[in-house]
Amino acid sequence: MSADTPSSGGGPRKSLHPVPAADRTAEESGSVGLSGKIALVTGAGRGIGRRVALDLAARGARLVLTSRTSEQLEKVGAEILQGGGAPALVVPADVSSERDVDALFARIRDEFGQLDVFIGNAGIGTFGPILDFPLSELDRIFATNVRGAFLCAQGAMRMMVPRRQGTIVHVASVVGFRGYPRQGAYTASKHALMGLTKSLAKEAAEHGIRVSAVLPGGVDTDLISDARPDLDRSQLLQPEDVSRTILFLLSLPERAAIDEIYIRRRTSEPF
Ligand SMILES: NC(=O)c1ccc[n+]([C@@H]2O[C@H](COP(=O)([O-])OP(=O)(O)OC[C@H]3O[C@@H](n4cnc5c(N)ncnc54)[C@H](OP(=O)(O)O)[C@@H]3O)[C@@H](O)[C@H]2O)c1
835 MSADTPSSGG
845 GPRKSLHPVP
855 AADRTAEESG
865 SVGLSGKIAL
875 VTGAGRGIGR
885 RVALDLAARG
895 ARLVLTSRTS
905 EQLEKVGAEI
915 LQGGGAPALV
925 VPADVSSERD
935 VDALFARIRD
945 EFGQLDVFIG
955 NAGIGTFGPI
965 LDFPLSELDR
975 IFATNVRGAF
985 LCAQGAMRMM
995 VPRRQGTIVH
1005 VASVVGFRGY
1015 PRQGAYTASK
1025 HALMGLTKSL
1035 AKEAAEHGIR
1045 VSAVLPGGVD
1055 TDLISDARPD
1065 LDRSQLLQPE
1075 DVSRTILFLL
1085 SLPERAAIDE
1095 IYIRRRTSEP
1105 F
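Following the working numbering from start to finish, the sequence shown increments by one per residue and tops out at 1105.
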């Protein structure tokens, strides 16, 4: 059932504490209505970010799509329209560039004047033993996964704090709390992202803003084929599994907050 569909059966419930229709529907159905909400997804051109953008748009959000590759973003924008979603704002940007990120948030401010949901998803990984891992690659990974996430979090907070509302979700990784061989630089960057997320969550809470992290195991995207060529692709998570987890976070009632969710391949080891 879509969040905009009235719940059926039983007639209207009487409540001593009535909540707005959109919230009531989300609480009752566990789904999320995002009508009138402005949502920014970084890394929206493919993989997890693309799926999240499509799913948020399908629930009524106006999307701002960003990554470095405009053609991919335009394609996702077209898919959103085909699915009946509102036209997305496409702003190509490199999240590691302060100038690009400033320009991105300036566009959002000019076009919409508000930001309700920020999904910090853009990320890269290259893999190999620490022993001879090129420092230039370490710097490139940190520039996107840490500096980029930091810059975007600043931009999102600057828009959300004055309105005292908003939800931020960072897409971290299982390597945000575990270590794997051949993933030293990527793992260090995702641990750093978790550090940023934890501090951000505390600062944001003072302003009425919720911050969560989603930490997926292997997801069937371009990134994983390089990181874990050993994995059977048919057993990987799919981007929609991560997207569904993010939608769940967005469906929480105002009184609830979840700090982090680790979602793993079922065939991987529990805990
Ligand atoms: N796949 C997995 O197994 C897995 C597991 C756990 C966590 N994650 C995380 O999930 C997120 C999405 O990854 P994915 O698997 O969907 O990979 P993907 O298919 O390679 O997508 C990555 C997205 O990030 C964008 N991006 C990369 N560098 C950027 C930059 N400097 N500025 C702006 N956008 C940039 C890419 O677009 P451009 O290259 O066009 O800029 C692309 O849209 C990443 O943070 C990743 O670490 C992935």
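Glycine included, C-beta positions come from ideal geometry on N, C-alpha and C.
From the options, residue whose alpha carbon lies closest to that of residue i
i       : options                              : result
Tyr1020 : Arg880, Ala1006 and Ser1033          : Ala1006
Met994  : Gly917, Leu1081 and Ala1038          : Ala1038
Ala983  : Asp966, Thr1031 and Val1009          : Thr1031
Cys986  : Val1045, Val910, Ser1077 and Glu932  : Glu932
Ile1097 : Gly1010, Arg992, Ser1068 and Leu1065 : Gly1010
Tyr1095 : Ala922, Glu908 and Phe1105           : The question names Tyr, but residue 1095 is Ile in the sequence shown. Closest by alpha carbon: Phe1105.
Arg998  : Leu890, Glu1088 and Gly959           : Glu1088
Thr1079 : Leu1049, Ala1090 and Ile1058         : Leu1049
Where the alpha helix (DSSP H) containing residue i begins and where it ends
i       : result
Tyr1020 : Gly1018 to Ala1039
Ile975  : Leu969 to Phe976
Glu1094 : Segment Glu1094 to Ile1097 is the beta strand (DSSP E) holding Glu1094; no alpha helix (DSSP H) there.
Gly911  : Ser904 to Gln916
Gly989  : Ala983 to Met994
Which residues DSSP lists as bridging residue i, in chain order
i      : result
Leu923 : Val898
Gly962 : Gln1017
Ile872 : Arg896
Phe952 : Leu874 and Ile1002
beta-carbon residue i near ligand 1 non-hydrogen atom, thresh 7 Å
i       : result
Leu1081 : no
Asp973  : no
Thr978  : yes
Ile1058 : yes
Ile1097 : no
N- and C-terminal bounds of the beta strand (DSSP E) containing residue i
i       : result
Leu1049 : Arg1044 to Pro1050
Val1005 : Thr1001 to Val1005
Ligand 3 heavy atom lying under 7 Å from the CB of residue i
i       : result
Pro1050 : Absence of ligand 3 from the depicted structure is noted, with ligand 1 being the only ligands included.
Should the region 940 to 957 be regarded as contacting the region 909 to 916, the criterion being three or more beta carbon pairs within less than 8 Å? Judged by Cβ distances under 8 Å, the region 940 to 957 makes no contact with the region 909 to 916, as fewer than three pairs qualify.
Please confirm if the region 951 to 958 is in contact with the region 868 to 886, defined as three or more CB-CB distances below 8 Å between the two stretches. A contact exists between the region 951 to 958 and the region 868 to 886.
Contact between the region 881 to 892 and the region 1071 to 1084 (3+ Cβ pairs under 8 Å): Yes: the two stretches touch, three or more of their Cβ pairs being nearer than 8 Å.
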